[in-house]
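S.K.:
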Amino acid sequence: MWSGVMPAVTTKFGEEAGLDRAENERCFAIQMDAGCDGLIVCGSLGEGPMLTLAEKLELLGIAKSTAKGKPVLMTVAAASTAESCDIARAAAKSGADGLMIVPSLVYFTDRRETLDTLRAVVEAGDLPAMIYSNRVAYKVDVTPDMMEDLAPDERFVAIKESSDDIRRTTEIINRLGDRYDVFTGVDNLAFEALAVGAVGWVAGLVVAFPRETVAIYRLMKDGRADEALGIYRWFRPLLDLDVSRYLVQNVKLAEVHAIQSNDRVRLPRQPLQGAERQRVEKVIADALATRPQLPSFA
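Our numbering numbers the first residue of the sequence shown as 4 and each following residue consecutively.
1. For the alpha helix (DSSP H) holding LEU62, just list the boundary residues, first then last.
2. Would you mind listing the alpha helix (DSSP H) stretches within the segment 177-252 that are 4+ residues and don't spill past its ends, in chain order?
3. Once DSSP output is grouped into helix, strand and coil, what is the label at PRO10?
4. Which first and last residues belong to the alpha helix (DSSP H) in which LYS285 is found?
5. Got a sec, what are the start and stop residues for the beta strand (DSSP E) LYS142 sits in?
6. Tell me whether the beta-carbon of LEU62 lies closer than 8 Å to the beta-carbon of LEU102.
7. Is it buried or exposed for MET4, if we count other Cβ within 10 angstroms and need 16 for buried?
8. Give the range of the alpha helix (DSSP H) segment to which LEU118 is assigned.
9. Taking one C-beta from the segment 20-39 and one from the segment 167-186 each time, how about it: are there three or more such pairs within less than 8 Å?
10. Which ranges would you report for the beta strand (DSSP E) in the segment 68-114 if only whole runs of at least 3 residues count?
11. For THR268, does the three-state DSSP call read helix, strand or coil?
12. Starting from MET4, trace the beta strand (DSSP E) in both directions and tell me its first and last residue.
13. Kindly indicate the opening and closing residues of the beta strand (DSSP E) around ARG43.
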């Protein structure tokens, strides 16, 4: 159902900490103009847990207006199942094309709790859903056997695979074939995941470097892995910035330099400063200075 590059977009704030509608529109449009295949709002990179429901729905509306008919997914990530269900229902009423569901944001659910929560949320929203399996950040692992248990419900259509174990993509495909659209959710494992059968990439650094991200994906799908690998090797130091406790600050700082945006974040996060800011800015500057010329692709 879904495939390609789907940015997990950042959320742009104004100087008074509210949403900056115009800047969100501009940044979302950059993704679409580069050839991305959809948008995912209010995720980890989008500071979703720091947003009110009204803000989430406003961002959904902005994304829908700029997505050129491509799918826009709302991330559902809340402390309680009841709140997650409320978000899913509201997103459906506001025109979301699908949901990306985090099983549990704070409490580390066991197998039964994880499955029951996913089923409750997809029932509440009654939309196609991507299961977000991220045992590193959220300590809840949606395993292939759990995916098999959920497979009879056709509303579960995709997996965002973020276990940080490249073997997992093959394990899912070996066990379930093409039942799910498997997306890689770890930027610095994207080439590897696409090489073993992932059909999509929920990307982070794409918000600053969309054309390079799309080029890697399209070249891989065209069977031009050597060309994709050359770009990926250049990209890797940047992609590593997505795998960090400071991923939001890192990626927004990349947006400052690459697309002339800003790095405002919502408290308790604060923009990088001092030696860490200098380190990240050097990674970005080095990449910009050696930015590759992209080949043509379909």
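C-beta: ideal position from N, C-alpha, C; glycine also.
For clarity, every value in this text was computed on a predicted model and none was experimentally measured.
M.R.: According to the structure shown:
1. 56-69 is the extent of the alpha helix (DSSP H) around LEU62.
2. Unbroken alpha helix (DSSP H) stretches of 4 residues or longer found wholly inside the segment 177-252: 193-198, 213-224 and 228-242, given in chain order.
3. Assignment of PRO10 by DSSP, reduced to helix, strand and coil, places it in the strand class.
4. 277-292 is the extent of the alpha helix (DSSP H) around LYS285.
5. Per DSSP, LYS142 belongs to no beta strand (DSSP E) and is neither H nor E.
6. Against a cut-off of 8 Å, the Cβ pair of LEU102 and LEU62 comes out as no contact.
7. For MET4, the number of other beta carbons within 10 angstroms of its own is below 16, and it is reported as exposed.
8. First-last of the alpha helix (DSSP H) with LEU118: 114-128.
9. Too few Cβ pairs lie closer than 8 Å, so no.
10. Here the runs fully enclosed are 75-79 and 101-104.
11. Checking the sequence, you will find Val at residue 268 rather than Thr. Under the three-state reduction of DSSP, VAL268 is assigned to coil, being neither helix nor strand.
12. For MET4, no beta strand (DSSP E) run applies, since DSSP gives it neither H nor E.
13. Note that residue 43 is Ile in the sequence shown, not Arg. Start and end: 42-44.
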